[in-house]
Amino acid sequence: ETGVTQTPRHLVMGMTNKKSLKCEQHLGHNAMYWYKQSAKKPLELMFVYSLEERVENNSVPSRFSPECPNSSHLFLHLHTLQPEDSALYLCASRPPGGTEAFFGQGTRLTVV
Amino acid sequence: TQLLEQSPQFLSIQEGENLTVYCNSSSVFSSLQWYRQEPGEGPVLLVTVVTGGEVKKLKRLTFQFGDARKDSSLHITAAQTGDTGLYLCAGAPGYALNFGKGTSLLVTP
Numbered sequence: 001e002t003g004v005t006q007t008p009r010h011l012v013m014g015m016t017n018k019k020s021l022k023c024e025q026h027l028g029h030n031a032m033y034w035y036k037q038s039a040k041k042p043l044e045l046m047f048v049y050s051l052e053e054r055v056e057n058n059s060v061p062s063r064f065s066p067e068c069p070n071s072s073h074l075f076l077h078l079h080t081l082q083p084e085d086s087a088l089y090l091c092a093s094r095p096p097g098g099t100e101a102f103f104g105q106g107t108r109l110t111v112v
Numbered sequence: 113t114q115l116l117e118q119s120p121q122f123l124s125i126q127e128g129e130n131l132t133v134y135c136n137s138s139s140v141f142s143s144l145q146w147y148r149q150e151p152g153e154g155p156v157l158l159v160t161v162v163t164g165g166e167v168k169k170l171k172r173l174t175f176q177f178g179d180a181r182k183d184s185s186l187h188i189t190a191a192q193t194g195d196t197g198l199y200l201c202a203g204a205p206g207y208a209l210n211f212g213k214g215t216s217l218l219v220t221p
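First to last, the sequence lines map onto chains G and D. Note that our numbering numbers the first sequence so that position 67 is 67, with each residue one more than the last. Converting from the second sequence to our numbering requires adding 112 to each position, the first position being numbered 1.
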C-alpha cells in the first residue's frame with residue numbers, strides 16, 4: 001500500500017464512450033503523474049503536474065485530457081479512444097524535493 | 113529524453129541461483145532508482161542510489177551505482193520464487209521520471 005489510490009481498477013469501454021480515471025493521494029506530495037504501460041514498451045510518461053500546474057505533456061493525443069483540481073487529486077478524462085489505447089494506466093506522486101515516485105495500483109483499460 | 117537500457121529483457125532461473133541485471137545509459141544521472149512491479153500492480157520502490165560507486169544492500173538484493181553515475185546493477189543472491197516480477201530502473205531529469213523497459217524475472221521452484 002503506497003498511499004496512492006486509483007479507481008477504477010478495471011475498465012472496459014467502447015470507442016464512443018466517455019470515461020474518467022481517478023487518482024488520489026493524501027501524502028502531502030506536490031507532483032502527480034500519469035503513465036501508460038503497454039506490453040513490450042517502457043513506461044510512457046503522459047502528463048506531469050506540479051503544484052496543480054501542468055508542466056509536461058508528452059505529445060499525448062487530445063482524446064486524453066488530464067485534470068488536477070487540487071494537489072491530492074488527478075483525473076484522466078477519456079473520449080473516443082482507440083483499441084491501441086488499451087493498457088495499464090498508472091498514476092504516481094512525488095514528495096516536495098524528493099526523487100522517488102509512489103505509484104497507484106493502476107487502471108487496466110480495455111477499449112473495444 | 114535520457115534513455116535507460118536494461119538487460120537482460122527476460123530471465124528465468126531456479127530457486128537458489130544468483131543473478132545480476134543491468135541498467136545502462138549514455139547520460140549522467142544525479143540518482144537512479146530501482147522498482148519492482150508485480151503483475152496487475154504498480155511499481156514499488158526498492159532503492160535509490162545517489163553517489164557514484166555506491167553500494168546498497170536490501171536483504172539478498174545488492175544495488176550498485178557506477179562510478180560515472182551512468183549505470184547501475186542489481187544482484188540477487190539465492191533467488192526465491194517471491195522475487196518474481198518486473199525490475200525497472202528509473203532516472204529523473206527534472207520533473208519527469210524516465211524508466212527503462214525492465215527485466216522480467218521468473219524464479220521457479
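We put the beta carbon where it would ideally sit given N, CA and C, even for glycine. Since the structure is predicted, the reported quantities are computational estimates derived from the model, not experimental observations.
| query | Is there contact here, the stretch 133-149 of chain D with the stretch 169-189 of chain D, by at least three beta-carbon pairs under 8 Å? | reply | yes
| task | Measure the Cβ-Cβ separation of E127/D and A191/D and say whether it is below 8 Å. | result | Taking the second sequence and counting its residues from 1, the one referred to as residue 127/D is at position 15. Taking the second sequence and counting its residues from 1, the one referred to as residue 191/D is at position 79. The Cβ atoms of E127/D and A191/D lie closer than 8 Å to each other.
| message | From the DSSP secondary-structure annotation, give me the bridge partner or partners of M32/G. | response | Numbered from its first residue, the first sequence carries residue 32/G at position 32. In the DSSP output, where bridge partners are listed per residue, M32/G has Y49/G, S93/G.
| query | At what residues does the beta strand (DSSP E) containing P66/G begin and finish? | reply | Working through the first sequence from its first residue, we reach residue 66/G at position 66. Where P66/G is concerned, the enclosing beta strand (DSSP E) stretches over 64-70.
| request: Report buried or exposed for V112/G, applying the criterion of at least 16 other Cβ atoms within 10 angstroms of its Cβ. | output: As a working mapping, residue 112/G is identified with position 112 in the first sequence. Answer is exposed; the Cβ neighbour count stays below 16.
| query | F211/D touches chain G at which residues, Cβ-Cβ below 7 Å? | reply | Walking along the second sequence from the start, residue 211/D turns up at place 99. Per Cβ cutoff of 7 Å: P42, L43.
| request: Check each residue of the stretch 187-212 of chain D: if its Cβ is closer than 8 Å to any Cβ of chain G, include it; give the result in chain order. | output: L200, A202, A204, Y207, A208, L209, N210, F211, G212
| Inter-residue Cα distance where the pair is H73/G and T2/G | As a position in the first sequence, residue 73/G is number 73, starting the count at 1. As a position in the first sequence, residue 2/G is number 2, starting the count at 1. One C-alpha to the other measures close to 15 Å.
| Beta carbon proximity, T2/G to chain D, threshold 8 Å | For the purposes of this step, residue 2/G is taken as the residue at position 2 of the first sequence. Yes, contact with chain D.
| query | Roughly how many whole angstroms lie between the Cα atoms of L81/G and A39/G? | reply | The residue you call residue 81/G lines up with position 81 of the first sequence. The residue you call residue 39/G lines up with position 39 of the first sequence. L81/G and A39/G: Cα-Cα distance of roughly 18 Å.
| task | State the start and end residues of the unbroken beta strand (DSSP E) segment that holds N136/D. | result | On the second sequence, position 24 is the one that residue 136/D refers to. Where N136/D is concerned, the enclosing beta strand (DSSP E) stretches over 131-136.
| request: For S184/D, count neighbouring C-beta atoms within 10 Å of its own C-beta (all shown protein chains included) and say buried if the count is 16 or more, exposed if not. | output: If you number the second sequence from 1, residue 184/D lands on position 72. Buried: at least 16 other Cβ atoms inside 10 Å.
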